[in-house]
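Read in order, the letters of the sequence shown correspond to residues 1 to 77 in full-length UniProt numbering. By construction, the Cβ of each residue, glycine as well, lies at the ideal position given by its N, Cα and C atoms. These numbers come from a predicted model, not from an experiment. Encoded as structure tokens, the structure appears first; notes follow it.
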Amino acid sequence: MELQERLNEVFCQVFDDEDIRIAPQMTADDIDGWDSLSHVNLIVAVETTFGIRFTHKEVLTFKNIGDLLNCIAAKVQ
């Protein structure tokens, strides 16, 4: 399964919405319910799903889903 597809599944689970379709340019403003608490839940779910850990600095640099995807890709290689 492609990385973006796996991440999309995480988004669907965290936001309890099977209709979410993510794209690299999307931000928190594009997803209903993406607030600070759900952001923490999303980061934890991504770390668990992909078996990785983000640094605090990395999390602060994510400006969109593309940034998140790029960081995941670098860590899972």
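- Under the three-state reduction of DSSP output, Asp16 falls in the coil class, being neither helix nor strand.
- The DSSP assignment places 3-14, 36-50, 56-61, 65-76 as complete runs of the alpha helix (DSSP H) inside the UniProt domain "Carrier" (1-76), in order along the chain (cut-off: 4 residues).
- Within a 10 Å sphere around the beta-carbon of Val46 sit 16 or more other beta-carbons, which makes this residue buried.
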